[in-house]
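Residue numbers (my numbering): 3 to 323.
Cβ atoms here follow ideal geometry from the backbone N, Cα and C, with glycine treated the same way.
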């Protein structure tokens with residue numbers, strides 16, 4: 003069965019299942035639009051959650067939810083034949099950037115705009131700069147420098163650092179950045195310049211729960227097997243050499259994970275082959291997840307209404323011959 007749980011600090015909890023884990027047939031209608039990407043990627047633009055059927059008292063006081071910490075869980079619980087409860091979990095964690103209610107006819111709804119990371123202080127505006135200072139000393143690894151820069155602005159977060167040892171400063175560099183996205187763009191571009199390899203993805207920064215991950219593809223990521231029954235539709239080439247594929251909503255995959263696709267599922271016409279430089283990647287089946295997008299409409303009955311869409315690129319890119 004479809005599953006969701008929305009927790010707001012000091013506020014309401016919306017869930018599709020009761021405390022005993024049984025499906026609540028009176029659960030509220032919920033819509034989810036949650037993109038997940040590295041902070042250097044413009045696709046990481048915040049998440050949107052809409053809850054229908056809330057009382058008037060909640061939408062009239064929706065402003066009070068601003069700056070509140072929020073967690074959104076989703077996926078599937080036991081019930082349907084192909085449901086895999088172990089794939090459900092935390093979709094996004096952050097804070098409510100904006101909350102507003104709507105009353106149209108007899109329908110009342112609560113809309114929440116969510117930003118990842120910790121909320122700003124109560125006496126600061128919502129867009130107050132983080133004031134992140136990066137001091138990358140000569141001989142220091144970039145991963146260590148990023149951790150030192152982010153620790154003061156993201157207190158209470160743990161760090162998972164895994165970047166190439168070749169990213170060592172030749173001279174001391176420093177910079178000040180107003181947001182995580184800005185420093186993420188800098189380290190991504192700078193690392194690609196330092197390691198001039200077409201197979202190198204650059205350094206990415208992501209937030210999952212209370213963990214900030216700083217990683218590249220220099221080390222072997224964890225590998226997940228995508229089975230035929232996981233897929234909704236067929237994987238599609240979106241640009242040479244990246245692909246997009248869709249599964250039932252799941253929270254067990256993260257940006258930077260390696261997935262093993264079922265072989266021979268990606269096919270192209272003879273006309274399309276000339277524009278693709280990486281035809282053999284489909285046969286090898288190894289791809290690195292670059293972004294994902296959780297999309298949900300809880301009470302919409304069709305199979306495309308509670309899904310996760312993934313973008314991925316081949317683990318190794320082959321040159322055209």
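- Looking at the backbone, the Cα of residue 53 and that of residue 143 are separated by about 45 Å.
- Here residue 145 carries a helix assignment [DSSP, helix/strand/coil].
- Listed in chain order, the non-local C-beta contacts of residue 115 below 8 Å within the same chain comprise 48, 49, 50, 98, 99, 100, 101, local neighbours out to five positions each way being set aside.
- Cα atoms of residue 190 and residue 168: separation of roughly 14 Å, rounded to the nearest angstrom.
- In the DSSP secondary-structure assignment, residue 288 is bridged to 262.
- Residue burial annotation: residue 37 is buried, with at least 16 other C-beta atoms found within 10 angstroms of its C-beta.
- Shown here for residue 86: same chain residues with a beta carbon closer than 7 Å to its own, the five before and five after excluded, namely 78 in chain order.
- In the displayed model, residue 123 falls within coil according to three-state DSSP, outside both helix and strand.
- Between the segment 203 to 211 and the segment 232 to 243, the count of Cβ pairs shorter than 8 Å is below three; the stretches do not touch.
- Pairing residue 69 with residue 33, the inter-Cα distance amounts to about 21 Å.
- Taking 8 Å as the cut-off, the Cβ atoms of residue 228 and residue 161 do not count as close.
- Boundaries of the alpha helix (DSSP H) harbouring residue 194: 182 to 196, taken from the DSSP string.
- Nearest neighbour of residue 107 by Cα position, chosen from 58, 176, 265, 226, turns out to be 58.
- The segment 123 to 131 and the segment 291 to 301 do not touch, with fewer than three beta-carbon pairs separated by less than 8 Å.
- Non-local beta-carbon contacts of residue 110 in its own chain, meaning distances under 6 Å to residues more than five positions away in sequence, involve 56, 61 in chain order.
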